[in-house]
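Visitor: From first to last, the protein sequence lines are chains D and U.
Residue 314 in the working numbering sits at position 314 of the first sequence; the count goes up by one each step and never skips.
Residue 312 in the working numbering sits at position 312 of the second sequence; the count goes up by one each step and never skips.
All C-beta atoms, glycine included, are put in the ideal place defined by N, C-alpha and C.
Protein chains: 2
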Amino acid sequence: MDLSSLRFAHRFDQVSGSAIREIFKIIARPGMISFAGGNPSLAALPDEKVSELSVQVLRDHGKQLLQYGATEGYPPFLESLKQYVETAVGFRPDAVLPVTGSTQAMDLLCKALIDPGDTILVENPSFLGNLQCMKLYQANLVPVASDDDGMDPADLEEKIKAYHPKMVYTIPTFQNPSGRTLSLARREKVAALAAEYGVVIAEDDPYRDLRYRGEMLPSIKSFDREGWVVFLGSFSKIISPGLRVGYLAGREEIIRKCTVGKQSTDVHTANLTQAIVDQFIRQNLLPDHIRTICADYGEKLARMLGHLEDLAGLVTFTRPEGGLFVWAELPEGLNALELLKKAIDQGVAYVPGTHFFVDGGHENTLRLNFSNSTDDQIDRGMSVLKTIFREAK
Amino acid sequence: MDLSSLRFAHRFDQVSGSAIREIFKIIARPGMISFAGGNPSLAALPDEKVSELSVQVLRDHGKQLLQYGATEGYPPFLESLKQYVETAVGFRPDAVLPVTGSTQAMDLLCKALIDPGDTILVENPSFLGNLQCMKLYQANLVPVASDDDGMDPADLEEKIKAYHPKMVYTIPTFQNPSGRTLSLARREKVAALAAEYGVVIAEDDPYRDLRYRGEMLPSIKSFDREGWVVFLGSFSKIISPGLRVGYLAGREEIIRKCTVGKQSTDVHTANLTQAIVDQFIRQNLLPDHIRTICADYGEKLARMLGHLEDLAGLVTFTRPEGGLFVWAELPEGLNALELLKKAIDQGVAYVPGTHFFVDGGHENTLRLNFSNSTDDQIDRGMSVLKTIFREAK
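1) Quick one, which of D/I276, D/P116, D/S41 and D/E48 has its alpha-carbon nearest D/P75's?
2) According to the Cβ coordinates, are U/S264 and D/T103 closer than 8 Å?
3) Taking 8 Å as the threshold (beta carbon to beta carbon), is D/M1 in contact with chain U?
4) List the residues of chain D that U/H10 touches, going by C-beta distances under 9 Å, in chain order.
5) Kindly confirm or deny that the region 245 to 255 of chain D and the region 52 to 67 of chain D touch, where touching means at least three C-beta pairs closer than 8 Å.
6) Can you find a CB in chain D that lies within less than 8 Å of the CB of U/P206?
7) Does the CB of U/Q279 have a neighbour CB from chain D at under 8 Å?
8) Counting only C-beta atoms, is U/K63 closer than 8 Å to chain D at any point?
9) Any chance you could list the beta strand (DSSP E) runs of at least 3 consecutive residues sitting entirely within the region 192 to 279 of chain D, in chain order?
10) Does D/C133 come within less than 8 Å of chain U when only Cβ atoms are used?
11) State yes or no: is the C-beta of U/I390 within less than 8 Å of the C-beta of U/L314?
12) First and last residue of the beta strand (DSSP E) that includes U/F325?
13) Closer than 6 Å by C-beta to U/E338: which residues in its own chain qualify, once you throw out the five before and the five after it? Chain order, please.
14) With three or more beta-carbon pairs closer than 8 Å as the criterion, would you say the region 109 to 129 of chain D touches the region 168 to 183 of chain D?
15) What does D/E79 touch in chain U if you count any residue whose Cβ is under 7 Å from its own?
16) Could you tell me whether any Cβ in chain D is nearer than 8 Å to the Cβ of U/K257?
17) Would you check if the distance between the CB atom of D/L248 and the CB atom of D/L108 is smaller than 8 Å?
18) At what residues does the beta strand (DSSP E) containing U/E72 begin and finish?
19) Looking at the structure shown, is D/P153 part of a helix, part of a strand, or coil, going by DSSP?
20) Residues in the region 219 to 232 of chain U with C-beta within 8 Å of chain D's C-beta atoms, listed in sequence order?
21) Say the cut is 7 Å; is the CB of D/Y74 nearer than that to a heavy atom of the ligand PLP?
22) Using 10 angstroms around the beta-carbon of D/P287, count the other beta-carbons present and answer buried if the total reaches 16, otherwise exposed.
23) In whole angstroms, what separates the C-alpha of U/Q14 from that of U/E52?
24) Measuring CB to CB, does D/W228 end up less than 8 Å from D/A194?
25) Excluding sequence positions up to five away, which residues of its chain have a Cβ less than 8 Å from the Cβ of D/A70?
26) Could you spell out where the alpha helix (DSSP H) holding U/P287 opens and where it closes?
27) Return the CA-CA distance between D/P206 and U/E363, expressed in angstroms with no decimal places.
28) Kindly list, in the order they appear in chain D, the residues whose Cβ is closer than 7 Å to that of U/N271.
29) If you check the beta carbons only, do U/I160 and U/A139 fall under 8 Å apart?
30) What number of angstroms, rounded off, separates the C-alpha of D/D147 from the C-alpha of U/S4?
31) What residue range is occupied by the uninterrupted alpha helix (DSSP H) comprising D/E391?
32) Less than 8 Å between the C-beta atoms of U/E299 and U/T181, yes or no?
33) On the DSSP letters alone, give me the boundaries of the alpha helix (DSSP H) that U/V99 sits inside.
34) Bridge partners for D/M167 per DSSP, in chain order?
35) Name the DSSP beta bridge partners of U/T316, please?
36) Give the range of the beta strand (DSSP E) segment to which U/T365 is assigned.
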């Protein structure tokens, strides 16, 4: 029998693969200026330090690191991670689980909680990778309204009452793709709504340390009394995405279920990469490293916003205080998908905003990343885009 | 609202976590002789070589390794892996996908193929971790009869006709937990049945290189013409389980679907661990390393079998030519779960066989591992077990 008769699982019926990752293949062309990814700058990746730490941990604990580890995590890292969450993120976690990048945190949380047809409330637009994750769990994704202060609690409460969701998925700080940040008052309100109605909040917060202006805000989790908020943490933006180390932090009952899910997902996250991140925490290397990254990214963000100001009146855009993304809206009728072809022909790439919306549409929007470009690339790339957007009008 | 009102996903209704991993916690006690795990011996773990290779790959490609990678795999590893599968495993793969340990290979294959209620045919007993994986995809697990030559093709065909399964899960070489190996003729027959009826074969073959006697057998995949066989490969037993590097090899259509699933599972496997395994292949380090491991494990297996021969007449057991496990059957009426308590009191652990059966039962069976014990531990541990089993009769 020919393989063409093979039927794949229904969870793939609505999923065809990440559009962003297809764009990534195009932008791999030499000379391309890419505002498309969400990649750290190469300068921000501590390759020499990682090499030094690898030698150290393999010398001190080589056999243990190469042997099977516990699904619950590499014991020294479990210890330093709990301490780190308390002091650096600002809440005392009941339990933590190291995972293979915070993408796995989302996968395990969905595995633990989501049956096909369960409703998840999401910001709209939201992070493509996790939208795909939720779709593969056959969740019913319902958008919640947002404004410049992030998710609107009034709309959130209305949607909770109307849809009885299992979970709310939010990126509260420098949201991907919008760059928006949930205000302090709303963080407290979201936590309160979760407890009032019994809804899990998946608080995905990979960008919180990338703040270039303004004051650090407490997490939603820090207002959580009953345990409904689960925090998804990542070291991808502050150490390295290639190491694939993130974590879940929350109540023991939920973390335990995610741990059982992880047993048959990948048994455990690589011990070596956990041990490297453990040393970053123990040797207190993160504060300085984050300061260096932020100084660099902050200048790049300001530079990109400066170029966008030249388009004021034509293009509206967010002015985030941190993170990796600026969100721009072209005049109604312009199509960022069409214009991307022109931009790519001239060696510049971005991600059309439509990909980030649960139901598509919003063809006049786009996401711009600045962290992985030099000053010169930002200047040249934005000047190409300015011309294209002005001419398209 | 109290968190006690939280309802977890139905996929967990039949799953409570791996019993083996609970036993692992008990055997972590100092001085315990453990025949319970499936761990490589510490001597077999190449910590110095891994340290040396880490320095090398981070020096040569540090920035690339710490940056986001492609879901499809670290490009140099993709290349060496394809070559390796062709020359060392013995079939030319249409496509390969590096994964975070072969446990993830199983998870992604189930994600790609299994809807709740789909039938998977399994050996019985079989590997606990993957049984749990299939249960979390809410598959209907149906056992196929096995004998000393592995899965019985006549029963397999009957079950295929009766249940129209989506997949057959098999560990053809030195099976976990039984130690049995599927014969050459049956390998060819299983591949033929897959094509005749249009059933995917998940060929999980992590132990194939751990052969201490006899001739290497070709994989089921090597008899596959139509693409129905998917090969799950692992470097856990021949390099290190702690690095979490395995792979899927099979037809492009299936690997592509698994790749889309992996995008939202962990984006990609850590680049550093992929690069380390890549160097093991490129520097041709595996043949010598495998030879060293096999010489050691082969002696340990012979030693354990020698002790079991002392129980001939009382205990029946498999005599595998390789792998990590011996399977033993006590007289009917004896209970390996009960006897485990006695054994643990005397400092010796094994895994009761009942855990490996889809529907439990078979309380008189047990699995013994020898790879992670010294000669002296094997002698002392087996002498404890011999006394316990003789007295229990």
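Guide: According to the data block:
1) Here residue 75 of chain D refers to the residue found at position 75 when the first sequence is read from its first residue. Selected option, being the one with the closest Cα: D/I276.
2) Numbered from its first residue, the second sequence carries residue 264 of chain U at position 264. Numbered from its first residue, the first sequence carries residue 103 of chain D at position 103. Cβ atoms of U/S264 and D/T103: closer than 8 Å.
3) Residue mapping note: residue 1 of chain D aligns to position 1 of the first sequence, counting from 1. Residue contact with chain U for D/M1: present (Cβ-Cβ distance below 8 Å to some residue of chain U).
4) As a first step, residue 10 of chain U must be located in the second sequence, where it is residue number 10. Simply D115.
5) no
6) In the second sequence, counting from the first residue as 1, residue 206 of chain U sits at position 206. No, no contact with chain D.
7) The residue given as residue 279 of chain U occupies position 279 in the second sequence. Not an interface residue.
8) Start at 1 with the first residue of the second sequence, and residue 63 of chain U comes out as number 63. At least one chain D Cβ lies under 8 Å of U/K63.
9) 200 to 204, 229 to 234 and 246 to 250
10) Residue mapping note: residue 133 of chain D aligns to position 133 of the first sequence, counting from 1. Output row for D/C133: interface = yes.
11) The residue labelled residue 390 of chain U in the question sits at position 390 within the second sequence. The residue labelled residue 314 of chain U in the question sits at position 314 within the second sequence. Sequence check: residue 390 of chain U is Arg here, not Ile. Yes, the Cβ-Cβ distance between U/R390 and U/L314 is below 8 Å.
12) Mapped onto the second sequence, residue 325 of chain U falls at position 325. Here the beta strand (DSSP E) through U/F325 covers F325 to E329.
13) For this step, residue 338 of chain U is matched to residue 338 along the second sequence. Counting only Cβ-Cβ distances below 6 Å, and skipping sequence neighbours, we find nothing.
14) The region 109 to 129 of chain D makes contact with the region 168 to 183 of chain D; the number of CB pairs closer than 8 Å reaches 3 or more.
15) What you label residue 79 of chain D is simply residue 79 of the first sequence in a count that begins at 1. Neighbours of D/E79 on chain U: none; closest Cβ ~16 Å, over 7 Å.
16) Sequence index remark: in the second sequence, residue 257 of chain U carries index 257 (1-based). Interface residue, yes.
17) Counted from its first residue, the first sequence places residue 248 of chain D at position 248. Counted from its first residue, the first sequence places residue 108 of chain D at position 108. Yes; because the gap between Cβ atoms is below 8 Å, this pair is in contact.
18) Your numbering for residue 72 of chain U matches position 72 in the second sequence. From DSSP, U/E72 is part of no beta strand (DSSP E); its letter is neither H nor E.
19) Here the question's residue 153 of chain D lines up with position 153 in the first sequence. Helix.
20) E226, G227 and W228
21) You won't find the ligand PLP in this model; it holds no ligand whatsoever.
22) Position 287 of the first sequence holds residue 287 of chain D. Burial call: exposed.
23) Sequence index remark: in the second sequence, residue 14 of chain U carries index 14 (1-based). Sequence index remark: in the second sequence, residue 52 of chain U carries index 52 (1-based). Their backbone Cα atoms lie some 45 Å apart in a straight line.
24) In the first sequence, counting from the first residue as 1, residue 228 of chain D sits at position 228. In the first sequence, counting from the first residue as 1, residue 194 of chain D sits at position 194. For D/W228 and D/A194, yes; Cβs fall inside 8 Å.
25) Here residue 70 of chain D is taken as the residue at index 70 of the first sequence, counted from 1. Once the five neighbours on either side are set aside, the close Cβ partners of D/A70 are H268.
26) Residue 287 of chain U sits at position 287 when you count from the first residue of the second sequence. That run of the alpha helix (DSSP H) goes L286 to E309.
27) Here the question's residue 206 of chain D lines up with position 206 in the first sequence. Here the question's residue 363 of chain U lines up with position 363 in the second sequence. Straight-line Cα distance between these residues: approximately 48 Å.
28) Your numbering for residue 271 of chain U matches position 271 in the second sequence. By Cβ distance, chain D contributes G242.
29) Along the second sequence, one-based indexing puts residue 160 of chain U at 160. Along the second sequence, one-based indexing puts residue 139 of chain U at 139. The answer is no: Cβ separation not under 8 Å.
30) Numbered from its first residue, the first sequence carries residue 147 of chain D at position 147. Numbered from its first residue, the second sequence carries residue 4 of chain U at position 4. Taking the straight line from one Cα to the other gives about 33 Å.
31) Walking along the first sequence from the start, residue 391 of chain D turns up at place 391. Where D/E391 is concerned, the enclosing alpha helix (DSSP H) stretches over D375 to A392.
32) In the second sequence, residue 299 of chain U corresponds to position 299, counting from 1. In the second sequence, residue 181 of chain U corresponds to position 181, counting from 1. No, Cβ-Cβ distance for U/E299 and U/T181 is not below 8 Å.
33) Within the second sequence, residue 99 of chain U is the residue found at index 99, counting from 1. Note, U/V99: premise wrong, no alpha helix (DSSP H); beta strand (DSSP E) at A95 to V99.
34) Walking along the first sequence from the start, residue 167 of chain D turns up at place 167. Beta-bridge pairing links D/M167 to D/I120 and D/V200.
35) As a position in the second sequence, residue 316 of chain U is number 316, starting the count at 1. The partner list for U/T316 (beta bridge, DSSP) reads U/E329.
36) Taking the first residue of the second sequence as 1, we reach residue 365 of chain U at position 365. Note, U/T365: beta strand (DSSP E), T365 to N369.
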